[in-house]
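Structure first, commentary second.
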């Protein structure tokens, strides 16, 4: 009898919700929304490096409460997109050559790993879709859409790698790298879009399950893009 009562209680407890649980979930959704909007703005240099960010102004601008805004800003600090100084305030992160080199060192390794894993783990449907996406990106004439397409292409590979610990780091580092591209564009040193032929060749290697080839191609792609940004930043310093 006691065992029966315990089982009933256990079953009932599986449907138990904490008081205010829906409110917590709602706050998390608003925090995610604030994070996504602010991340996009920071990456695309809507906020200039070291521009102050006022929490209360952001609540009005985004029409989101103060608590979700603060949570989003803490996450963005972890992403190295904002810096928070006690008693001074919150600022969009600075951009520098030292950061560029550090980002490159990380991305060359983890992007190559992601490509190798994707080649080994992707489904047949994912492989086919990646090849088709790379082809459509190659034919895209609009620069902004190609930039957005580049991120979408990389994110497909990250998801296909099937590594929940690796994927967030890949997304974080990609955001920091693409922010450097936008910085160059904003200052009229617009670099060419990374050759989309690389995307088609890489997509083909992943589609064929060639992990070694996929790793080498994506490492080379990241290396070339990073070196181009470095050269542009050096030119800016010399001016």
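Residue numbers (this note's numbering): 24 to 262. Where is the CB? At the ideal position from N, CA and C, for every residue including glycine. Just so you know, these numbers come straight off a predicted model, no measurement behind them.
Grouping DSSP H, G and I as helix and E and B as strand, with all else coil, what is residue 76? strand
Cβ contact check for the region 153-162 and the region 251-260: 3 or more pairs under 8 Å: no
Are the beta-carbon atoms of residue 118 and residue 206 separated by less than 7 Å? yes
For residue 92, the three-state DSSP class (helix, strand or coil): helix
Does the region 72-82 touch the region 111-126, meaning 3 or more C-beta pairs lie closer than 8 Å? yes
Can you name the start and end residues of the alpha helix (DSSP H) that residue 176 belongs to? 166-183
Whole-angstrom Cβ separation of residue 174 and residue 182, contact assumed at under 8 Å? In fact, because the Cβ distance is near 13 Å, the residues do not count as touching under 8 Å.
As assigned by DSSP and simplified to three states, the class of residue 44: Residue confidence is low: residue 44 scores 46 on pLDDT, short of 50, so the model does not pin down where it sits. Its coordinate-derived value is still stated next. The answer is helix: DSSP assigns residue 44 an H, G or I state.
So, with DSSP's three-state summary, where would you put residue 70? coil
Of the residues 81, 104 and 131, which one's Cα is nearest the Cα of residue 237? 131
Report the three-state DSSP secondary structure of residue 187 (helix, strand or coil). coil
According to DSSP, residue 108 sits in a beta bridge with which residue or residues? 112
Is the beta carbon of residue 144 less than 7 Å from the beta carbon of residue 185? yes
Using a 10 Å radius around the Cβ and a threshold of 16 neighbouring Cβ atoms, would you call residue 172 buried or exposed? buried
For residue 179, which residues of its own chain have a beta-carbon under 7 Å away from its beta-carbon, when the five flanking residues on both sides are left out? 153 and 156
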